[in-house]
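Undergrad: Numbering (the numbering used here), first residue to last: 662 to 960. We treat Cβ as the ideally placed atom computed from N, Cα and C, and that holds for glycine.
(1) In terms of residues, what are the limits of the beta strand (DSSP E) holding residue 756?
(2) Per the DSSP calculation, residue 664 is bridged to which residue(s)?
(3) Rounded to the nearest angstrom, what separates residue 932 and residue 805 at their Cα positions?
(4) Taking its Cβ as the centre, do 16 or more other Cβ atoms sit within 10 Å of residue 797, making it buried, or is it exposed?
(5) In the DSSP assignment, what are the bridge partners of residue 821?
(6) Counting only the same chain and skipping the five closest in sequence on each side, list residues whose C-beta sits under 6 Å from that of residue 651.
(7) In the structure shown, what three-state DSSP assignment does residue 713 receive?
(8) Grab the span of the beta strand (DSSP E) containing residue 930 for me, first residue to last.
(9) How long is the line joining the alpha carbons of residue 712 and residue 835, rounded to whole angstroms?
(10) Rounded to whole angstroms, what's the CA-CA distance from residue 760 to residue 807? Just pull it up for me.
(11) Quick one: is residue 709 buried, meaning 16 or more other Cβ sit within 10 Å of its Cβ, or exposed?
(12) Could you tell me how far apart the beta carbons of residue 880 and residue 923 are, in whole angstroms, since I believe they sit closer than 8 Å?
(13) Report, in whole angstroms, the separation of the C-beta atoms of residue 953 and residue 935, which I expect to be a contact under 8 Å.
(14) What number of angstroms, rounded off, separates the C-alpha of residue 790 from the C-alpha of residue 878?
(15) Looking only at C-alpha atoms, which of 950, 728, 783 and 946 sits nearest to residue 827?
(16) Residue range of the beta strand (DSSP E) that residue 603 falls in?
(17) How would you write the range of the beta strand (DSSP E) that residue 766 sits in, first residue to last?
(18) Give a yes or no on contact between the segment 945-959 and the segment 689-696, applying the rule of three or more CB pairs nearer than 8 Å.
(19) Going by alpha carbons, who is nearest to residue 875 out of 853, 894, 849 and 714?
(20) For residue 831, which residues of its own chain have a beta-carbon under 6 Å away from its beta-carbon, when the five flanking residues on both sides are left out?
(21) For residue 956, which beta-bridge partners are listed by DSSP?
(22) Throw me the rounded Cβ distance for the residue 670 and residue 823 pair, which I believe falls under 8 Å.
(23) With distances taken Cα to Cα, identify the nearest neighbour of residue 951 among 959, 846, 901 and 735.
(24) State the CB to CB distance for the pair residue 749 and residue 762, rounded to an integer number of angstroms; the pair is presumed to be in contact (CB under 8 Å).
(25) Give the C-beta separation of residue 854 and residue 848 to the nearest angstrom, bearing in mind that I take them to be a contact with Cβ-Cβ under 8 Å.
(26) Per DSSP, what kind of secondary structure is residue 749 in: helix, strand or coil?
(27) Using a threshold of 8 Å, state whether the C-beta atoms of residue 672 and residue 860 are closer than that.
(28) Buried or exposed for residue 701, please, with buried defined as at least 16 other CB atoms from any protein chain shown within 10 angstroms of its CB.
(29) What residues in its chain sit with their C-beta under 8 Å from that of residue 766, if we drop five residues either side in the sequence?
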């Protein structure tokens with residue numbers, strides 16, 4: 662098993678909807694279940710159903726794992742703030758607003774700390790990381806040709822900024838998984854891809870695998886096993902739903918899941934689950950909800 666840090670550089674804005682039917686709001690990071698689905702769907706387009714079934718068997722055995730994505734600024738990588746009582750600033754009012762923390766600050770390697778919006782960095786930056794843009798669109802009634810305007814929101818990253826995530830993968834799967842990631846870069850992530858949104862370039866750097874310690878930070882969404890729930894010392898809960906995208910059948914809606922969110926603190930190791938979410942009467946292929954835990958040490 663090898664670990665890669667994957668940096669996404671977006672060519673165009675990205676729309677990450679999280680409320681059905683509301684186009685004027687967008688998320689700014691991509692969760693692990695979305696990254697997993699994007700890779701598997703592109704793998705299916707490249708290699709077909711039989712090889713994808715084999716890939717899923719390997720994933721269930723733990724041979725491929727992904728984290729959620731978080732911001733980067735040049736060589737500064739951000740993590741979700743740990744959900745605990747630890748303070749990183751002396752000023753309580755400023756400290757409680759921090760949602761993302763530089764890797765260097767988190768690991769105690771930073772000489773200085775700088776607050777930029779809701780982020781705590783190890784160096785001062787003058788540029789914005791991203792901005793939310795609103796764009797008007799028009800829908801035309803087919804019956805009377807009447808028009809009505811609505812607005813869509815998207816996230817545009819500044820030069821040198823974007824999102825990154827971790828991917829652990831066995832050597833036997835690496836080449837094909839990176840081929841799927843190349844296709845995903847062209848296909849795009851998020852919504853409104855027919856407008857050109859969500860397309861990106863990426864770089865991948867091999868990094869050292871870290872074993873979980875007594876306390877760890879969750880940097881993915883997680884559906885824990887029943888016996889693992891007590892290991893979550895402090896946590897947040899997030900609802901996840903969406904649609905089942907398949908190249909073989911029409912789109913169907915997912916069930917709603919409540920999952921432990923990024924930044925939760927876990928005692929020791931937790932594996933999480935990949936849940937079989939195949940709808941009744943859906944026979945074309947299996948549908949899975951990705952809830953594997955991706956942990957990094959919390960010192």
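TA: Reading from the atomic positions:
(1) Locating residue 756 in the chain shown gives position 95, where the first residue counts as 1. Not the beta strand (DSSP E): residue 756 falls in the alpha helix (DSSP H), residues 753-756.
(2) Counting from 1 along the chain shown, the entry for residue 664 is found at position 3. Answer by DSSP bridge pairing, in chain order: 829 and 868.
(3) Here residue 932 refers to the residue found at position 271 of the chain shown. Here residue 805 refers to the residue found at position 144 of the chain shown. Going from the Cα of residue 932 to the Cα of residue 805 covers about 56 Å.
(4) By 1-based counting over the chain shown, the position of residue 797 is 136. When all chains shown are included, residue 797 counts as exposed.
(5) In the chain shown, counting from the first residue as 1, residue 821 sits at position 160. None, per the DSSP bridge assignment.
(6) Within the shown structure, residues of the chain are numbered from 662 to 960, placing residue 651 beyond reach of any answer.
(7) If you number the chain shown from 1, residue 713 lands on position 52. Note: residue 713 maps to helix in three-state DSSP.
(8) For the purposes of this step, residue 930 is taken as residue 269 along the chain shown, with counting starting at 1. Note, residue 930: premise wrong, no beta strand (DSSP E); not H, not E.
(9) On the chain shown, position 51 is the one that residue 712 refers to. On the chain shown, position 174 is the one that residue 835 refers to. Cα to Cα, residue 712 sits roughly 14 Å from residue 835.
(10) If you number the chain shown from 1, residue 760 lands on position 99. If you number the chain shown from 1, residue 807 lands on position 146. About 44 Å.
(11) By 1-based counting over the chain shown, the position of residue 709 is 48. Residue 709 comes out exposed.
(12) Residue 880 sits at position 219 when you count from the first residue of the chain shown. Residue 923 sits at position 262 when you count from the first residue of the chain shown. Right, their Cβ atoms sit about 6 Å apart.
(13) Within the chain shown, residue 953 is the residue found at index 292, counting from 1. Within the chain shown, residue 935 is the residue found at index 274, counting from 1. Rounded, the Cβ-Cβ distance is 6 Å, consistent with contact.
(14) Position 129 of the chain shown, counted from the start, is the residue given in the question as residue 790. Position 217 of the chain shown, counted from the start, is the residue given in the question as residue 878. Their Cα atoms are separated by approximately 24 Å.
(15) Within the chain shown, residue 827 is the residue found at index 166, counting from 1. Of the candidates 950, 728, 783 and 946, the one whose C-alpha sits nearest the C-alpha of residue 827 is 728.
(16) There is no way to answer for residue 603, as the model of the chain reaches only from 662 to 960.
(17) Numbered from 1 along the chain shown, position 105 holds the residue referred to as residue 766. Taken as a continuous stretch (DSSP letters only), residue 766 belongs to no beta strand (DSSP E), being part of the alpha helix (DSSP H) at 764-767.
(18) yes
(19) Here residue 875 corresponds to residue number 214 of the chain shown, with the count starting at 1. Between residue 875 and the set 853, 894, 849 and 714, the nearest pair of CA atoms involves 894.
(20) Residue mapping note: residue 831 aligns to position 170 of the chain shown, counting from 1. Excluding residues up to 5 positions away in sequence, 662 and 724 lie with their Cβ nearer than 6 Å to the Cβ of residue 831 in the same chain.
(21) Within the chain shown, residue 956 is the residue found at index 295, counting from 1. Note: residue 956 sits in a beta bridge opposite 879.
(22) Numbered from its first residue, the chain shown carries residue 670 at position 9. Numbered from its first residue, the chain shown carries residue 823 at position 162. Rounded, the Cβ-Cβ distance is 5 Å, consistent with contact.
(23) Indexing the chain shown from 1 puts residue 951 at position 290. The closest CA to that of residue 951, considering only 959, 846, 901 and 735, is found on 901.
(24) By one-based count along the chain shown, residue 749 stands at place 88. By one-based count along the chain shown, residue 762 stands at place 101. Contact flag correct, Cβ pair sits at about 7 Å.
(25) If you number the chain shown from 1, residue 854 lands on position 193. If you number the chain shown from 1, residue 848 lands on position 187. Indeed they touch by this definition, with Cβ atoms about 7 Å apart.
(26) The residue you call residue 749 lines up with position 88 of the chain shown. DSSP places residue 749 in coil when its eight states are reduced to three.
(27) Along the chain shown, read from residue 1 onward, the residue named residue 672 stands at position 11. Along the chain shown, read from residue 1 onward, the residue named residue 860 stands at position 199. Against a cut-off of 8 Å, the Cβ pair of residue 860 and residue 672 comes out as a contact.
(28) Locating residue 701 in the chain shown gives position 40, where the first residue counts as 1. Result: buried.
(29) Taking the first residue of the chain shown as position 1, residue 766 is located at position 105. Taken in chain order, the residues that qualify are 749, 774, 781, 782 and 783.
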